[in-house]
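UniProt numbering numbers the first residue of the sequence shown as 1 and each following residue consecutively. Inspection log for the structure reproduced underneath, given as structure tokens.
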Amino acid sequence: MTQLDGITKPKTKRSKRFLESRAPKLSEDLKTAMIMKGGNTSETVTQALKDVYSLKKPNAVLYKKKNITRPFEDSTSLEFFSKKTDCSLFLFGSHNKKRPNNFIFGRMFDFHVLDMVELGIEKYVPLKQFKAETCPEGTKPMLVFAGEAFNVDSELKRLKSLLIDFFRGPKVEGIRLAGLEHVLHFTALDGKIYMRSYRCMLKKSGCRTPRIELEEMGPSFDFVMRRTHLASEQLYHLALRQPKALKPKKKKNISHDAFGTKFGRVHMQKQDLTKLHTRKMKGLRKRRGDAAASQDEVVAPKVLKES
1 MTQLDGITKP KTKRSKRFLE SRAPKLSEDL KTAMIMKGGN TSETVTQALK DVYSLKKPNA
61 VLYKKKNITR PFEDSTSLEF FSKKTDCSLF LFGSHNKKRP NNFIFGRMFD FHVLDMVELG
121 IEKYVPLKQF KAETCPEGTK PMLVFAGEAF NVDSELKRLK SLLIDFFRGP KVEGIRLAGL
181 EHVLHFTALD GKIYMRSYRC MLKKSGCRTP RIELEEMGPS FDFVMRRTHL ASEQLYHLAL
241 RQPKALKPKK KKNISHDAFG TKFGRVHMQK QDLTKLHTRK MKGLRKRRGD AAASQDEVVA
301 PKVLKES
């Protein structure tokens, strides 16, 4: 590929297809995540990264080598790997004396860091310690957020949005009941965030609606929030902007009330009701005898006048 005046021009068809895949689209591709560890990591962080990768794959890239970088001080290396692998989400694990067993969840906008939240692992139960059966790879999880803090605290609001972006999975048009197998539950309580993973099982209930049971399948995390790097409101709203082609067009003369009822106004020209054909019902039809009697009443006065 050659680059002239800041414009990259492809030389081969393969490079042309590559550039077209990276070009902006009306409907963006599925977000993928890169999972990497820092220069100093503990066994807990390494195993935890693998467990999160097992929940996220196949929409994730796991880096096995160490990356000596500090995202809160210099994020250029993260932005480089993001552009190289076309990943808009990342999870960085590190460990040191000041911040032991550290997770950094983050996301990109235009290959630059938008949001970063640092969470410390206080308690961790790995996936291999649970004897329950795991869900198939690529299962779209159901996300549940419990706790008033997710709707009140500004930092936890942004963390909720970040976790939804990270674990939401692909967009689907239809869902079958048997496909709702995986549940990710996040609870904010007393300054901590509890993450639990459950497998949803459908049991017989004696009626058409099945009985639902949740079985914890792991991994299990108890997080505490440490540092945050959040985008400004202006940049955040810019990242949420949608192209005009995707916005629904406003329909005229259609409104909705507070209960969601749809009302429409139809404009018609003035009609001539004399030519309106109504439905002829049997009960309104005249009998033959009644019709003959009515004709005699009309004709009789005319005969008397002539005589």
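Just so it is clear, CB atoms sit at the ideal spot from N, CA and C, and this is done for glycine as well. If you're wondering where the values come from, they're calculated on a predicted model, not measured in any experiment.
query, result
"Own chain residues within Cβ distance below 7 Å of L162, not counting five before or after", "F105, R107, D115, V117"
"The stretch 244-254 in contact with the stretch 138-157 per 3-pair CB rule at 8 Å", "no"
"Residue ranges of each alpha helix (DSSP H) within the stretch 55-119, 4 or longer", "76-85"
"Backbone CA spacing between V303 and H267 [nearest angstrom]", "The predicted model places V303 with a pLDDT of 46, which falls under 50 and marks its position as unreliable, so this point remains unresolved."
"Beta-carbon proximity of S220 to M201, cut-off 9 Å", "no"
"Residue ranges of each beta strand (DSSP E) within the stretch 191-215, 3 or longer", "192-203"
"Residues that F145 bridges to, as DSSP identifies them", "F186"
"Enclosing alpha helix (DSSP H) for A239 [first to last residue]", "233-239"
"Whole-angstrom distance between L240 and Y124, CA atom to CA atom", "34 Å"
"Which of helix, strand or coil DSSP assigns to E173", "coil"
"Neighbour-count burial assignment, A33, 16 or more Cβ in a 10 Å radius", "buried"
"Start and end residues, beta strand (DSSP E) containing S255", "254-256"
"Limits of the alpha helix (DSSP H) - the one that H160 falls within", "The amino acid at residue 160 is misidentified as His; the sequence shows Lys. Looking at the DSSP string, the run of the alpha helix (DSSP H) that includes K160 is 154-167."
"K262, DSSP secondary structure in three states", "strand"
"Residue of K37, S197, T187, L78 minimising C-alpha distance to L62", "K37"
"Proximity winner among G264, R226, K262, D51, relative to K98 (alpha-carbon distances)", "R226"
"CB contact flag (T139, M217, <9 Å)", "no"
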